[in-house]
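Undergrad: Just dropping this structure here.
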Amino acid sequence: LRHAEIAAAKYGLKTVDILVELGKRRMVGGQEDMIVDVALDLLNR
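Below, the structure written as structure tokens:
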């Protein structure tokens, strides 16, 4: 959650949007590096 909150603040997104997308991609704990990738993907939509 902390990593998603940081990415949301950095990229101007909602934390919940990042978390929902991570769930859709079936990400699990320990894949924090993917949070930034998801945030950037959401920005490009």
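Following my numbering, the residues of the sequence shown are numbered contiguously, the last one being 1332.
For each residue, glycine too, the CB sits at the ideal point set by N, CA and C.
Does the distance from the CB of V1325 to the CB of A1296 come in under 9 Å?
TA: Looking up residue 1325 in the sequence shown gives position 38. Looking up residue 1296 in the sequence shown gives position 9. No, the pair does not count as a contact, with Cβ atoms beyond the cut-off.
Undergrad: Distance, Cα to Cα, V1303 vs Q1318?
TA: Locating residue 1303 in the sequence shown gives position 16, where the first residue counts as 1. Locating residue 1318 in the sequence shown gives position 31, where the first residue counts as 1. Approximately 17 Å, taken between the alpha carbons.
Undergrad: Kindly indicate which three-state DSSP category L1236 falls into: helix, strand or coil?
TA: Since the first residue shown for the chain is 1288 and the last is 1332, residue 1236 is missing from the structure and cannot be characterised.
Undergrad: Smallest Cα separation from H1290: which of I1322, Y1298, L1329 and L1309?
TA: Translated into the one-based positions of the sequence shown, residue 1290 becomes position 3. Selected option, being the one with the closest Cα: I1322.
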